[in-house]
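First the structure, in the form of C-alpha cells, and then the observations on it.
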Amino acid sequence: MHSFHPRTRFTRQRIPRRGFLADSAVVVAGAVGAVAGAADLGRARTVSIFHTTDLHGRILPTSSYEGLDDVGGFARAATCIRQWRRESPHSLTVDVG
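Numbering of the sequence shown is given in numbering that gives the first Met the number 0, commencing with residue 0 and proceeding in unit increments.
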C-alpha cells in the first residue's frame, strides 16, 4: 500500500520575490524606453494597464464580506474589462489570480 502525503504529491514552485521584482523592473524599464523612443518619433501612445487580482475562481457572483448579494463573477469582470478596453484601446490586461 502506498502512503500518500499531499505535500509530496502536489508541490507548488514559488517564484522568488526578489527575482520576480527584478524581472518586473526590467520589463517596466524596457517599456519606458520604448515609449520614450516612440515619443521621439511622434508616435507616443498612452498605454493603460488593467490589473485584476483575488478572483480565486469566483466564476459566478457571490456575496461580499459586508453581506451584499450578487457581487463579482467572471461575466461581470469581463463586461468591465471590455468597457475599459473600448475607452482605452492601447491597453494591457494582467490577472494574477
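Glycine residues also receive a C-beta, built at the ideal position from the N, C-alpha and C atoms.
Item to complete: Report the three-state DSSP secondary structure of Ile-58 (helix, strand or coil).
Response: coil
Contact belief for Ser-23 with Ser-90 at Cβ below 8 Å, rounded distance in angstroms:
The pair is not a contact, with the Cβ atoms about 18 Å apart (cut-off 8 Å).
In the DSSP assignment, find the unbroken beta strand (DSSP E) run with Thr-78 in it and report its ends. No beta strand (DSSP E) holds Thr-78; the alpha helix (DSSP H) holding it covers 73-86.
inquiry  = Considering just the uninterrupted stretch of the beta strand (DSSP E) at Leu-91, what are its terminal residues?
reply    = 90-94
Discussion item. Using 8 Å for Cβ pairs, my map puts Gly-71 next to Arg-57. What's the rounded Cβ distance?
Written reply: 5 Å
Review point. How big is the Cα-Cα spacing for Pro-15 and Arg-84?
Key: 32 Å
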